[in-house]
Amino acid sequence: MKFHLVTTEAKHERFLRLLAKDESWVVGFDTEAVGPARRYSKARDKPFLNMGYAALQGFSIALPNEEVFYYPLRHRKQNAKWRWAEAAWEALPLSVWAHNVKFDSRLMEQEGFNIDGVEWLDSMLAAWLHYGRNSEISLKYLAKEVLDRESPEWQGSLIDKTGAEVLEYVCHDALNTLQLGEYLWEKLTPRLRKTLGEVETPFAVELGRMEARGIKLDLEKLEATMGTLADGNLTTDQAEWDELTDIIPGDPGSYISPNSAKQLQEFFLDGTWVERGTTSTGAFKTGKDTLEYNEKNAQTETGRRLAELCLRIRAAKKVKGTYLDGFYEEMRQWPDRRIHAELHQLVARTGRLSSSNPNIQNQLARGEYAPFLKQCYVADEGELFVSADYAQIELRLFAELAGGTLLQAFLDGVDLHQRTADALAESREDGKKFNFAFLIYGGGPGKASREFGWTFTEAKEKIAAIAAEYPEAQAFREKVITRVLRRAPVPFVRTKAGRLRWVPELRPNEWKVRDPEAYQKKHDYLIKEYKIDPYEEVQWGDFAGWLAVDRAMRMSGERIAVNTIIQGSAADLAKLGMVNFAREADRSLMRIVTMVHDEVLCSSFSGAAQSCAKLLKQHMEQAGPFMGYSVPILAEPQIGKTWFDVHG
DNA sequence: GGAATAGGCGCC
DNA sequence: AAAGGGCGCCTATTCC
């Protein structure tokens, strides 16, 4: 390997000559950036750059002949000319490997480099797809594991370093990226190569753009509307609460805080409230379900009123803390004072997106405060929001995979939530709830009896009734589990796009031996969550002789297996739809703002809103047949000035 | 005093 | 008792 620091025209020209020699070359690419750290609400060991103030320090390009060129741009002493860097960038071949394309593509675009001609390939995503894990895929880790190469140690910031001082480090990274990419490409199945190249990597580029553009939130209006409402509610509710909880009149220390589960125990002990189960630590539950029950069923008028007040005060405080104070802290750290939520492609085990700082995926959708919040997400000047939701996407995919009358129902346009409701003799709302919890997620009678207020026996009967109504649903679950269980040594499932999730829970006894630490973690979680005696053995049924905790683990694995196929495949579908939309959309007219699992929020210049809506609907729906589904996939777009106007 | 945990709750 | 999947963030409390 040979590392070149491009500080002279001769070096630059050597790079261009080498690149021109072989048009089929694929390169490895890595950027270096400097800037202030992003402020986090929770402390992190390594706070990431605040991209709003970050700058490109230089970039390195590795060639297949193991020559690597570094273009220093903002270093002490000698740098390359920006003209050379631009020419080098333009001369790159079509395919470029980078480790974390979301970052590199965003930084390059932010610095004014045109990235449209690049077909990125992300070696981090390749490792994720190949190994089916979302940790231990850092460049450093993989360079050691796959290439048996130690990365040079690095200390401190690049800001005060010369190009020569960082040369070895940055060139290693680009070369490792290229060689890792080539290695993983050989390992990937044809389907996963397609997923990497045509969906996940282009999706990463779009995520970078979504993060960079951010979303405008009218915080002043939010304070004036939602904030004022919450303050008003809090003042009156808190006053009444204080009066009712002033156990020793005149002694402020005798008040009970609605947010303190510990202090609220008092109300169960003195009979004010009726208990509804205990937490893992043995305390009475004080959550929403318990309090809603007490709102109706507490013994005294005071008890009922206190339950209601407690819920109202908690809601108001949550709104103030999360959606007013929290948002201010987030927005204040960006030069444009917008919301720049981070969107994570590799966090959720099913392949869904996750979001943080702030979490843009938990914006209020129902309740007293919801309209005010979403009305304050406003399209930019001269633009309109265009948003489309996939209709019942997970239930459709479940029906597709289960087939039979379930699939036929969708083909015939039957309302499945109503059908379930009829079979249960309950409301459509409860039919919908039931479909999710017990058809897709595999919930049991205990949960159902609590959720719907049935006795345990009733719940068992109702679940049996639904199983009879949709025999293919149970058959599908069993087929999946039987098939997945045969995969040894570690059972795994695949989503429609071929993404992998290991499900060691399905074979607890083997997991225990192979990876005691990971097993123990899940073991501990289960015994705590479900209050299982760790030594209890199952006496009867299919699992006789097993530890009860292992049976719980196995059943958890069964739910994970089925759900990952459904939820993960829905994520695959949404990503494909977004990538195809983004590729066809004219970026000077329209863009994706964010996505919330089955909803894609776009912004478009007002005059182009109709065509944006049409294009969005077309690509979101076409993703269905592209992925081989026969069940109708529907996405209905709406146009409006605020997120509230286009939602639901 | 800061870090970690628990309980709780927002979303799909 | 046969237990719903996937996330992130807040406050209160406890630990060190």
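The first sequence begins at 860 in this note's numbering and counts up one residue at a time. Don't be surprised by glycine CBs; every beta carbon is placed ideally from N, CA and C. Treat the numbers as computed from the prediction; the structure is a model and nothing was measured.
Each residue's CA atom was taken as its position, placing Pro1049 and Leu1043 some 12 Å apart. Distances from the CA of Glu1099 to each of Glu1167, Gly1067 and Val1133 were compared; the closest alpha carbon is that of Glu1167.
Given a length threshold of 4 residues, each whole run of the alpha helix (DSSP H) inside the region 1066-1138 is given here in chain order: 1078-1081, 1087-1104 and 1120-1128. A distance below 8 Å between beta-carbons, with the five flanking residues on each side excluded, links Ser1308 to the following residues of its chain, in chain order: Thr1314, Phe1315, Glu1317 and Ala1318. Across the structure, Phe1143 and Ser1116 are spaced so that their CA atoms are roughly 16 Å apart.
Inclusion of Tyr1187 and Thr1264 in the CB contact set at 9 Å is not warranted, their separation being larger than that value.
Short of 7 Å from the beta carbon of Ser1465, and not among the five residues preceding or following it, lie these beta carbons of its own chain, in chain order: Gly1241, Glu1242 and Leu1243. Rounded to the nearest whole angstrom, the CA to CA distance from Tyr1114 to Lys1147 is 21 Å. Of the candidates Glu1102, Thr1159 and Lys1434, the residue whose Cα lies closest to the Cα of Phe1127 is Thr1159. Assignment of alpha helix (DSSP H) within the region 1008-1052, counting only whole runs of 4 or more residues, yields 1022-1046 in chain order. Restricting attention to His1506, Thr1501, Lys1500 and Lys1476, the CA atom closest to the CA of Ile1492 is found in Lys1476. Excluding its 5 nearest sequence neighbours in each direction, Glu1057 has no C-beta neighbour in its own chain below 6 Å. Beta-bridge analysis with DSSP links Asp889 to Ser919.
Separation of Lys1292 and Gly1302 (C-alpha to C-alpha, rounded to the nearest whole angstrom) is 11 Å. If you compare the alpha carbons of Glu1125, Leu1435, Glu1201 and Thr1341 with that of Val1421, the shortest gap goes to Thr1341.
The C-alpha of Tyr929 lies about 10 Å from the C-alpha of His871. With 16 or more other Cβ atoms inside 10 Å of its own Cβ, Val1029 counts as buried.
For the 9 Å CB-CB criterion, Val1349 and Leu1385 do not form a contact.
Proximity to Ser1119 across Lys1176, Asp1383, Phe918 and Ser1428 peaks at Lys1176, based on C-alpha coordinates. Separation of Glu949 and Pro931 (C-alpha to C-alpha, rounded to the nearest whole angstrom) is 17 Å. Taking 9 Å as the cut-off, the beta carbon of Thr1501 is found closer than this to the beta carbon of Lys1233. CA-to-CA, the gap between Phe918 and Leu1448 works out to about 31 Å. His1478 and Val1505 have their C-alpha atoms spaced approximately 18 Å apart.
Scanning the region 1187-1236 for uninterrupted beta strand (DSSP E) segments of 3 residues or longer gives 1201-1203 and 1213-1215, listed from N- to C-terminal end. The three-state reading of DSSP puts Asp981 in strand, counting E and B together.
With fewer than 16 neighbouring CB atoms inside 10 Å of its own CB, Lys936 falls in the exposed class.
Between Glu1253 and Phe1295, the CB-CB gap stays under 9 Å. Along the length of the region 1314-1360, whole alpha helix (DSSP H) runs at least 4 residues long occupy 1315-1328 and 1330-1344, reported in chain order.
Between the beta-carbon of Gly911 and that of Pro1194 there is about 5 Å, and that keeps the pair under the 8 Å contact cut. The C-alpha of Gly1022 lies about 40 Å from the C-alpha of Leu1435. As summarised for the region 932-959, the continuous beta strand (DSSP E) elements at least 3 residues long and confined to that stretch are 954-957, given in chain order.
Take the alpha-carbon of Asp1007 and the one of Val893: they are about 29 Å apart. Using a 10 angstroms sphere on the CB of Tyr1389, the tally of other CB atoms stays under 16, which defines it as exposed. Between Leu922 and Leu864, the gap from beta carbon to beta carbon reaches 9 Å or more. Here the alpha carbon of Phe1402 sits roughly 34 Å from the alpha carbon of Ala1356. With distances taken between CA atoms, Arg1346 lies nearest to Trp1361 out of Ala1334, Val1025, Trp1361 and Leu1047.
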